[in-house]
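Some notes on the structure that comes next.
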Amino acid sequence: MAAPVDVIPRRPTLLFIVVLALLFVLMSLSTRTRYVGETRTLFERTVMMVFSPVPKLVNWVGGTGSDMYHGYLDMRRSVAENVSLHRKVADLTSENLKLRQTDSDLRRLRALLGYSEQFQLQTTMAEAIMLDTSSRFKSMVIDSGSASGVEVNDAVVNANGLIGRVVLTTKDMAKVQLVIDSNCSVGVLLERTRREGVLRGDGTRNAQLYDIPSLADVHPGDQLLTAGIDGIYPKGIPVGTVVTAEKGPELFKNILVKPSVDFGSIEEVIIIHTRKIPSAVQGYTP
Amino acid sequence: MRWLRYVIGLLLALTLHSLLDSFFPNALAFFNPYVILVVYYSMGGNVLGAIVAGVVAGFVQDAFSGAIFGLHAFSLTVCAYAVATINSRLVLRGTLPFAACLGGAVIVNELVIYILVNVLLRQKVEMFEQGLFVKTIFTLLFGVFVYQLLLLFLREEPIEATQRPMGW
Chain A
135 MAAPVDVIPR RPTLLFIVVL ALLFVLMSLS TRTRYVGETR TLFERTVMMV FSPVPKLVNW
195 VGGTGSDMYH GYLDMRRSVA ENVSLHRKVA DLTSENLKLR QTDSDLRRLR ALLGYSEQFQ
255 LQTTMAEAIM LDTSSRFKSM VIDSGSASGV EVNDAVVNAN GLIGRVVLTT KDMAKVQLVI
315 DSNCSVGVLL ERTRREGVLR GDGTRNAQLY DIPSLADVHP GDQLLTAGID GIYPKGIPVG
375 TVVTAEKGPE LFKNILVKPS VDFGSIEEVI IIHTRKIPSA VQGYTP
Chain B
105 MRWLRYVIGL LLALTLHSLL DSFFPNALAF FNPYVILVVY YSMGGNVLGA IVAGVVAGFV
165 QDAFSGAIFG LHAFSLTVCA YAVATINSRL VLRGTLPFAA CLGGAVIVNE LVIYILVNVL
225 LRQKVEMFEQ GLFVKTIFTL LFGVFVYQLL LLFLREEPIE ATQRPMGW
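Chains as they are written, first to last, in our numbering: chain A, 135 to 420; chain B, 105 to 272.
Laid out in structure tokens, this is it:
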């Protein structure tokens, strides 16, 4: 008669070592595939999905409480505002008519010049429910997921500029890697000189601009826009402002950039469904 | 029953995590609720249970932060194992031993993360010493406060304090 086999080892030290080894392998795989696709994230997605009601509930309770408080304050203000808004509506209506006319003129002139209209990218609105800018890895969780058409590598912006890109999705949530994360790179260009470079988070609230030659014309205050060369972010989204531009030890400048988005107070965001990563980039493993 | 209490603790830690992330995005740089939960559970001295508790709490923390998946699971498992092993040999009870275990666990947790980030990502961690100091102090303060509340309202020592695992 065969002796019974212990499924759980009697020596917890052995189990501890096995668990650590497995976790190390999991981390190594996560690190290798951190930038590409969702193959590594099945388990992560499952954990996130199982526990997703908690942050959603917290966000709902917080949002409802905040809405009620602000609703009361807003109600008091709205009466006075209503009167002035009525006047503004009349002004804006006439201005709108003028702009419509200008827009149709512009379209006509573009057609005459042979310019093609820029294609319209599909977008989705979402709300930030968790914002983690305190740790070494800067990320955010939003309340829209694959059910709303959100996919990995969709660009995320708000009215001030670029926030980051989607790195993981569940049915009703998505995780966004912020541009200030030190593992995030963005192809950018200087608005004034059209010089292209690569922006990378420095692990704090700022970012560094790389690949700008020492002789390039860069000054504090220069605005940065997305260059549209990385296959993720559409061209022309404001990214930040140059704070300092100093000569580096080698051929390139050391440039510190302040992002145009205040990462301490993100609420609503817009997800731009870009999905045009070149296959060569998708297959790349750092 | 003890697992039910652990799950409730985990849900509370995640609630606190989401609450702080939603309204005070930098607050989690100052303390870590998951370490408090894992240390509280591991004080019972059940090494196997502590390992599982560390892995699960770490996975939840990883899933809702931008870290490499498995990073916090690794560090919390190390903390849980260390605390549970010490408590399976020495009977540490009361606020001061809990505070000592918690302080040590926070330091170990941060050191493990620091080493793994250096090894796996080859990244330098800025202001590590200052962050470690602040996180240890605030986690200790909050952890001791929670521990006192549990003593006051539940009138009991950490989970499994009176149930030593056989043969370990």
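Even for Gly, the Cβ is constructed at its ideal location relative to N, Cα and C.
Own chain, CB closer than 7 Å to residue i, minus 5 neighbours either side, in chain order
{"i": "Ile346 of chain A", "result": "Arg329, Gly331, Val352, Phe386, Lys387, Ile389"}
{"i": "Leu141 of chain B", "result": "Gly113, Leu114, Ala117, Ala161"}
{"i": "Phe134 of chain B", "result": "Val238, Lys239, Phe242"}
{"i": "Phe177 of chain A", "result": "none"}
CB of residue i within 8 Å of CB of residue j, strictly
{"i": "Gly398 of chain A", "j": "Pro129 of chain B", "result": "yes"}
{"i": "Leu196 of chain B", "j": "Cys205 of chain B", "result": "yes"}
{"i": "Asp111 of chain A", "j": "Leu333 of chain A", "result": "As displayed, chain A neither begins before 135 nor continues past 420, which places residue 111 of chain A out of reach and without an answer."}
{"i": "Val139 of chain B", "j": "Ala188 of chain B", "result": "no"}
{"i": "Val320 of chain A", "j": "Tyr367 of chain A", "result": "yes"}
{"i": "Ser126 of chain B", "j": "Ile263 of chain A", "result": "yes"}
{"i": "Ile400 of chain A", "j": "Asn292 of chain A", "result": "yes"}
{"i": "Asn340 of chain A", "j": "Lys392 of chain A", "result": "yes"}
{"i": "Thr360 of chain A", "j": "Val376 of chain A", "result": "no"}
Exposure label - residue i; buried when at least 16 CB within 10 Å
{"i": "Asp266 of chain A", "result": "buried"}
{"i": "Gln252 of chain A", "result": "Per-residue confidence for Gln252 of chain A stands at a pLDDT of 48, beneath the threshold of 50, marking its modelled position as unreliable; no derived number is given."}
{"i": "Gly247 of chain B", "result": "buried"}
{"i": "Met259 of chain A", "result": "exposed"}
{"i": "Lys309 of chain A", "result": "buried"}
{"i": "Phe237 of chain B", "result": "exposed"}
{"i": "Asn193 of chain A", "result": "buried"}
{"i": "Pro354 of chain A", "result": "exposed"}
{"i": "Ala379 of chain A", "result": "buried"}
{"i": "Ser278 of chain A", "result": "buried"}
{"i": "Arg209 of chain A", "result": "Residue identity check: residue 209 of chain A is Met in the sequence provided, not Arg. Looking at its Cβ environment, which holds fewer than 16 other Cβ atoms inside 10 Å, Met209 of chain A is exposed."}
Terminal residues of the alpha helix (DSSP H) in which residue i lies
{"i": "Lys228 of chain B", "result": "First-last for Lys228 of chain B: undefined, no H or E at that position."}
{"i": "Val178 of chain A", "result": "Sequence inspection shows Glu at residue 178 of chain A; the Val mentioned does not correspond to that position. Unbroken alpha helix (DSSP H) run through Glu178 of chain A: 176-185."}
{"i": "Tyr138 of chain B", "result": "137-146"}
{"i": "Pro201 of chain B", "result": "199-220"}
Close beta carbons around residue i, own chain, < 8 Å, minus the five adjacent residues each side
{"i": "Leu312 of chain A", "result": "Thr267, Lys272, Ser273, Met274, Ile297, Gly298, Cys318, Gly335, Phe397"}
{"i": "Asp166 of chain B", "result": "Ile172, Phe173, Gly174, Leu175, His176, Ala177"}
{"i": "Ser105 of chain A", "result": "Chain A is shown from 135 up to 420; residue 105 of chain A falls before or after that span and cannot be answered."}
{"i": "Leu302 of chain A", "result": "Glu172, Thr175, Glu178, Arg179, Met182, Val286, Ala308, Lys309"}
Start-to-end residues for the beta strand (DSSP E) that takes in residue i
{"i": "Val156 of chain B", "result": "Premise fails: Val156 of chain B lies in the alpha helix (DSSP H), 151-167, not in any beta strand (DSSP E)."}
{"i": "Ser319 of chain A", "result": "319-324"}
{"i": "Gly335 of chain A", "result": "330-335"}
{"i": "Leu312 of chain A", "result": "308-312"}
{"i": "Val286 of chain A", "result": "Note, Val286 of chain A: premise wrong, no beta strand (DSSP E); not H, not E."}
{"i": "Leu296 of chain A", "result": "295-303"}
{"i": "Ser273 of chain A", "result": "273-276"}
{"i": "Tyr367 of chain A", "result": "Counting along the chain, Tyr367 of chain A falls outside any beta strand (DSSP E), and DSSP gives it neither H nor E."}
Close Cβ partners of residue i (< 6 Å) along its chain, the five nearest in sequence each way excluded
{"i": "Thr257 of chain A", "result": "Ile404, Ile406"}
{"i": "Ser250 of chain A", "result": "Note that Ser250 of chain A has pLDDT 46, beneath the 50 cutoff, so the model's placement of it is unreliable and the number below is only indicative. Closer than 6 Å at Cβ, skipping near neighbours: no residue."}
{"i": "Ala131 of chain B", "result": "Leu124"}
{"i": "Asp364 of chain A", "result": "Gly321"}
8 Å Cβ cutoff, residue i in contact with chain D
{"i": "Pro189 of chain A", "result": "Here the protein chains are A and B, and chain D is not one of them."}
Between the region 215-227 of chain B and the region 170-185 of chain B, are three or more C-beta pairs nearer than 8 Å?
Yes: at least three Cβ pairs fall under 8 Å.
Pairing CB atoms from the region 231-239 of chain B with CB atoms from the region 119-129 of chain B, are three or more of them under 8 Å?
Proximity of the region 231-239 of chain B to the region 119-129 of chain B falls short of the contact definition, fewer than three beta-carbon pairs being nearer than 8 Å.
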